[in-house]
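Have a look at the structure below, then the notes.
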DNA sequence: GTGAAAGCGCTAACAC
DNA sequence: GTGTTAGCGCTTTCAC
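Chains as they are written, first to last, in this note's numbering: chain E, 1 to 342; chain W, 1001 to 1342.
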């Protein structure tokens, strides 16, 4: 004999008894009210209100095998870059009646796999992944689970040349192309001696790769960079700048892999009396609000973080509703924003 | 006859059959391995691995009426101030085997109530609330549900004078006292004409209240402030500063209700050639990494956001494990950090 | 140490 | 429109 129910918890059968109808009728009154007579509906609703009944969604999930929960895994939500995407995703899903289970990988593949496993155990209806999906085992696992998956913030692996690599759906942009565009912008503004400040993390590395390619294309081969171990904090910017200047005499432009870091570099320049952009150009990445608030205003690469979260949510909602989500691979692009700091 | 199980989904009974044991034994092998013979355990584990079995936690939750899910509601996760608390909370809960369901109230009480209702329907094992819990209906609802609740970021309602107001547990600090301390710091540094920049939101208002009280105590009665409608972005700082300076001739100190805003003010001062702190003192709130990266380094009020998330998580975990969570009301305090900007 | 039986609270089929 | 029946996949007594 199982343990007794939680004290005071009212069940659907209690409502049924109170309303003088059967349990199914209550279920229908709640889920498909138009299939219930208006009068019955009123009686049931009154009983629900009177007893303070709250449907047990866990039981519903078990019966329907749909949890109405989507899980998202990001490296860390304390990085504004991801938190805005999560914000938009959570909001979009909530509007569609879904809730978000949050997981943080701390940039570690193993943590991510463990989280995926735990989320699959919860029978989440969908998954949003940022910063992984590269491990073959994980990919196979996800495919086997048959759960809709959206990858964000990265289109690598979803490149035209490698269609097999797109797990299921993806919304993002090419970090490599963005890095290259940043280099082109700096070249066009007349800078010649580049440096890069960023974290030692996949997307940052890709930006550096593109940045170097862009520099090389302009005949500027060496671009020093000391990637920092994530998570990176703004206050590491000063040190990084110093190292870069030591390594590269005549450094005249720095690309930071996010705007906050760039703001830190800007402050450091004020402190050391380095004219920006006169003596050193500083370019950010992301176009966070701080970019236009900075002095001088930061040139940067705009990434539509919020749109990324919304699109990811919409693709998932469409798929879960049985609709066609449209394209499975959405390149939301990026945009070089030329302001004062370059 | 109900629908067939999801294709390919392997159930516990499948594992049992494959291992040649009963279903209960598999359950025990997974949940209480020490109650199973070593040999049996090995056989079961092999079967689990071979079939790629993942326990269905939804079914487990229904049977045990414990979901191992905790829900958190914050105004928005895209505010770094909250995202760090959420980061720590998620991490702490994950270490204890719990997962976090995230909700965003967008600073709206109605949204918050709706979320609470939805989360209670999911039979979450605990709730972490930030920025509400003030509505009587909501409080009654939560009390009736009998779910452990931790309020964060605010100890109001948990004040010594009003013990009834502390819903269940709380970890935070007094925003009023913090505002007063900021005023005291500015007074002590010799500033006399204060202004305040912040959002029109409960905690910000409390800081302003304390700030004004502190100013008044020093004989500085008027402290202009134009609270902005949340969510507030850094790039609104410049405009706010201009308005403040227009309203208050001789303004010589500004308290911003977060560091990012203060960084925006700092940049604006650079832009307009206002010497900081010579001409204008700028004080932040929070002690985000940007505070020490800024030039001049920002004086601020340090709030241990990460610790707040960890403590909230620990209190919940302790309670859920049936242990004594210790104090139900934890004041983690704050600390005025005097740096260069004041 | 292992198994059989009885639910957890709900929804999906199928009658009536 | 409404009710009856049979599960969803697991955990928990209680025997053996």
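No residue lacks a Cβ here, since even glycine has one placed at the ideal position from N, Cα and C. The model shown is predicted, which means the values in this text are computed figures rather than measured ones.
For residue 1299 of chain W and residue 1339 of chain W, I'd like the C-alpha separation in whole angstroms. 4 Å
Within 8 Å, strictly: CB atoms of residue 116 of chain E and residue 89 of chain E: no
Alpha carbon to alpha carbon, how far is residue 1094 of chain W from residue 250 of chain E? For the pair residue 1094 of chain W and residue 250 of chain E, the Cα-to-Cα distance works out to about 48 Å.
In three-state DSSP terms, what is residue 287 of chain E? Residue 287 of chain E sits in coil when the DSSP states are folded into three classes, being neither helix nor strand.
Going by other Cβ atoms of all chains shown within 10 Å of its Cβ, with 16 needed for buried, is residue 322 of chain E buried or exposed? exposed
Residue 238 of chain E: contacting residues in chain W (beta-carbon distance under 8 Å): Within chain W, the residues whose beta carbon sits less than 8 Å from that of residue 238 of chain E are 1293, listed in sequence order.
Can you tell me whether DSSP reads residue 1220 of chain W as helix, strand or coil? coil
Same chain, Cβ closer than 6 Å to residue 245 of chain E, five either side skipped, listed in chain order: 251
Any beta-carbon of chain W closer than 8 Å to the one on residue 163 of chain E? Residue placement at residue 163 of chain E cannot be trusted, given a pLDDT of 43 that sits under 50; the coordinates are not used to answer.
Short CB-CB distance (under 8 Å) between residue 47 of chain E and chain W: no
Beta carbon of residue 1049 of chain W: closer than 7 Å to some heavy atom of the ligand NAP? Ligands are entirely absent from the displayed structure, and the ligand NAP is therefore not among its contents.
Can the beta-carbon of residue 293 of chain E be found less than 8 Å from the beta-carbon of residue 342 of chain E? no
Partners in chain W for residue 62 of chain E, counting only beta-carbon separations shorter than 7 Å: 1058, 1059 and 1062
Does residue 329 of chain E come out as helix, strand or coil in the three-state DSSP assignment? strand
One question on the structure: do residue 261 of chain E and residue 237 of chain E come within less than 8 Å of each other, judged by their Cβ atoms? Yes; because the gap between Cβ atoms is below 8 Å, this pair is in contact.
So residue 105 of chain E packs on residue 131 of chain E, CB below 8 Å; how close in whole Å? Separation of the CB atoms of residue 105 of chain E and residue 131 of chain E is rounded to 7 Å, and the pair is thereby assigned contact status at 8 Å.
Using a Cβ-Cβ cut-off of 7 Å (strictly less than) and excluding sequence neighbours within five positions of residue 302 of chain E, which residues of its own chain qualify? 287, 334, 335 and 337
Contact under 8 Å by Cβ, residue 1189 of chain W with residue 1224 of chain W: no
Could you work out which residues of chain W lie near residue 130 of chain E, taking near to mean beta carbons separated by less than 7 Å? What residue 130 of chain E touches in chain W: nothing, since even the nearest Cβ is about 14 Å away.
Are any of the Cβ atoms in chain E nearer than 8 Å to that of residue 1290 of chain W? yes
Mind checking whether residue 176 of chain E and residue 151 of chain E have CB atoms under 8 Å apart? no
Going by the DSSP bridge assignment, what does residue 78 of chain E pair with across the sheet? Per DSSP, none; premise fails for residue 78 of chain E.
Residues in the segment 1217 to 1248 of chain W having any Cβ partner in chain E nearer than 8 Å: Look at the segment 1217 to 1248 of chain W: the residues with a C-beta under 8 Å from a C-beta of chain E are 1233, 1234, 1235, 1237 and 1238.
Using 10 angstroms around the beta-carbon of residue 64 of chain E, count the other beta-carbons present and answer buried if the total reaches 16, otherwise exposed. exposed
Using a Cβ cut-off of 7 Å, pull out every chain W residue sitting near residue 84 of chain E, in sequence order please. In chain order: 1078.
Closer than 8 Å, CB to CB, is residue 55 of chain E near chain W or not? yes
Please report the straight-line C-alpha distance between residue 214 of chain E and residue 1079 of chain W, rounded to a whole angstrom. 34 Å
What is the DSSP secondary structure of residue 1339 of chain W, reduced to helix, strand or coil? coil
Using 8 Å as the threshold, is the C-beta distance between residue 1227 of chain W and residue 1200 of chain W below it? Residue 1200 of chain W sits close to residue 1227 of chain W, with the two beta carbons spaced by under 8 Å.
So what's residue 1083 of chain W in DSSP terms, helix, strand or just coil? helix
Between residue 1118 of chain W and chain E, is any beta-carbon pair separated by less than 8 Å? So, interface residue.
Whole-angstrom Cβ separation of residue 173 of chain E and residue 183 of chain E, contact assumed at under 8 Å? Between residue 173 of chain E and residue 183 of chain E a beta carbon distance of about 16 Å is seen, past the 8 Å cut, so the two are scored as non-contacting.
Residue 102 of chain E beta carbon less than 8 Å from that of residue 72 of chain E: yes
What are the complete beta strand (DSSP E) segments, minimum 3 residues, inside the segment 1160 to 1244 of chain W? With a minimum length of 3 residues, the unbroken runs of beta strand (DSSP E) contained wholly in the segment 1160 to 1244 of chain W fall at 1169 to 1172 and 1194 to 1197.
Can you check whether the C-beta of residue 1067 of chain W is within less than 8 Å of a C-beta belonging to chain E? yes
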